[in-house]
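In what follows, a structure is listed as structure tokens, so that the remarks can point back to it.
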Amino acid sequence: MYSFRAPRSVWLALLWGLASTPAAAGKIYKIVNPDGTVHYTDRRPEALDDVEIIKTRAEPQRIAQLQIERDGPKRRAVARNMIDGPIEIELRFRSATNVLAQPALPLRVVVPAAGSQTVAEFAAADSRLAYSFELEMSSVPGAPVGKPEDFAYLLPVEGDAWRIDQGWNGSFSHRDPQSQYAVDLNVAEGTPIRAARAGRVMQVEDDFEGAGLSLEKFAGRANHVRIVHDDGTMAVYAHLAADSVVVRSGARVRQGQRIGLSGNTGYSTGPHLHFAVQANRGMALASIPFRFAGEVRIPGR
């Protein structure tokens, strides 16, 4: 069992610099064109015929990037959303000398799916003097959610060979806000996993391999799918088998549609599916109470 935790991304940017570059992919695709030219990409082609797959060490996906752009004597802070669902960012000064920000910092902004947005502009407070600054940006998945819709979620595993080993407020690992209301379903590796509710796939990571209780090796390295629902809540399906996800980020999925296979990846004691419904509570990702359809009882509910 393990409580999957989405990292809170924090990026730094100097006056002239970039906050970060995209994370390394777990697979590189070598494509030979009909004319014999070769190119490489980390984006999965529609067809894999005659495509060579080169495995690399996967790194956890970054959800946001901060860039500082020139605009004459002024500078612009541009936030880029790296996933296919909304994110909320918070921008603040780490240091500032003779600088004015418009709008004033700190500020919070929702950046739409796969979009880029100018979030602040900077200029010298005294134009006779030089100015400098450092910025810090935090980001969390999802737009802030008010009252979630009452919804009966489909059990996310197919078949009858399952049990709930850890429910709400589980003493082993469901003790922080992101996993307080999560469930760990004990299932055999390779069990089909299905969407508990319709929505749009906003994030997919399925390149990680291996599992264990070494934080250094496995923290943040659980394969997972994150789906955003129409009311802004998000479902997380974690510890999936490597290379098993069959839905694309950005795709619309229906309730009951297969999304992948259960596995044992990341910081985990054994094969299981970690399932949680989460909401952005204002720069804070939190699991929320939910119910399964039918007679499924959640321990701790």
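What the sequence shown shows, in this note's numbering, is residues 1 to 301, in sequence order. Even for Gly, the Cβ is constructed at its ideal location relative to N, Cα and C.
Coarse secondary structure for residue i, derived from DSSP in three states
| i | result |
| --- | --- |
| V145 | coil |
| L261 | strand |
| S244 | coil |
| T191 | coil |
| H229 | coil |
| R163 | strand |
| D184 | strand |
| N280 | strand |
| S179 | coil |
| H239 | coil |
| A130 | coil |
| M82 | coil |
| E205 | strand |
| Q65 | strand |
| A101 | strand |
| A114 | coil |
| A222 | coil |
| A125 | coil |
| T21 | Only weak support exists for where T21 lies, its pLDDT of 33 falling under 50; the value from the coordinates is given anyway. Residue state, collapsed to three classes: coil. |
| R57 | Annotation note: pLDDT 45 at R57 (below 50); position unreliable, coordinate value reported separately. Coil at R57, not helix or strand. |
| L285 | strand |
For residue i, the residue or residues it bridges with in DSSP
| i | result |
| --- | --- |
| G199 | V253 |
| V140 | E88 |
| D71 | K74 |
| V119 | According to DSSP, V119 bridges with nothing at all. |
| G292 | According to the sequence as given, residue 292 is Phe; it is not Gly. Paired residue(s): Y153. |
| L107 | L91 |
Cα-Cα separation between residue i and residue j, rounded to whole angstroms
| i | j | result |
| --- | --- | --- |
| N223 | D243 | 9 Å |
| D126 | F292 | 60 Å |
| Y237 | Q65 | 24 Å |
| M283 | L240 | 26 Å |
| E342 | G142 | Residue 342 is absent from the structure shown; the chain starts at 1 and stops at 301. |
| R80 | E295 | 43 Å |
| Y181 | V119 | 33 Å |
| R297 | S95 | 51 Å |
| P289 | V245 | 26 Å |
| V303 | Q166 | With the chain running from 1 to 301 in the structure shown, residue 303 is simply not present. |
| A188 | H274 | 13 Å |
| Y131 | N98 | 5 Å |
| I308 | R226 | In the structure displayed, the chain extends from 1 to 301; residue 308 sits before or after that span and is not available. |
| I63 | S139 | 7 Å |
| I168 | A279 | Sequence inspection shows Trp at residue 168; the Ile mentioned does not correspond to that position. Near 16 Å, if we compare the C-alpha coordinates of A279 and W168. |
| A152 | D231 | 14 Å |
| L285 | Q178 | 6 Å |
| A123 | Q102 | 9 Å |
| A198 | D207 | 24 Å |
| A104 | R92 | 9 Å |
| D150 | E69 | 44 Å |
| P192 | G256 | 11 Å |
| P112 | V204 | 17 Å |
| R163 | G115 | 40 Å |
| N186 | H272 | 5 Å |
| K147 | L155 | 22 Å |
| R348 | D71 | As displayed, the chain neither begins before 1 nor continues past 301, which places residue 348 out of reach and without an answer. |
| G159 | A196 | 14 Å |
| L100 | A235 | 40 Å |
| P299 | G190 | 25 Å |
Supposed contact pair residue j and residue i - C-beta distance, whole angstroms, cut 8 Å
| i | j | result |
| --- | --- | --- |
| E90 | P106 | 6 Å |
| V110 | E136 | The Cβ separation is near 18 Å, so there is no contact. |
| I259 | V247 | 5 Å |
| R200 | R252 | 5 Å |
| M202 | S249 | 7 Å |
| G85 | V183 | So it is not a contact: roughly 22 Å between Cβ atoms. |
| T233 | V145 | 6 Å |
| Q61 | V78 | Not a contact, Cβ separation roughly 20 Å. |
| R76 | E121 | 5 Å |
Cβ-heavy atom distance, residue i to the ligand FMN, below 7 Å
| i | result |
| --- | --- |
| L107 | With respect to the ligand FMN, the structure shown offers nothing to examine, as it has no ligands at all. |
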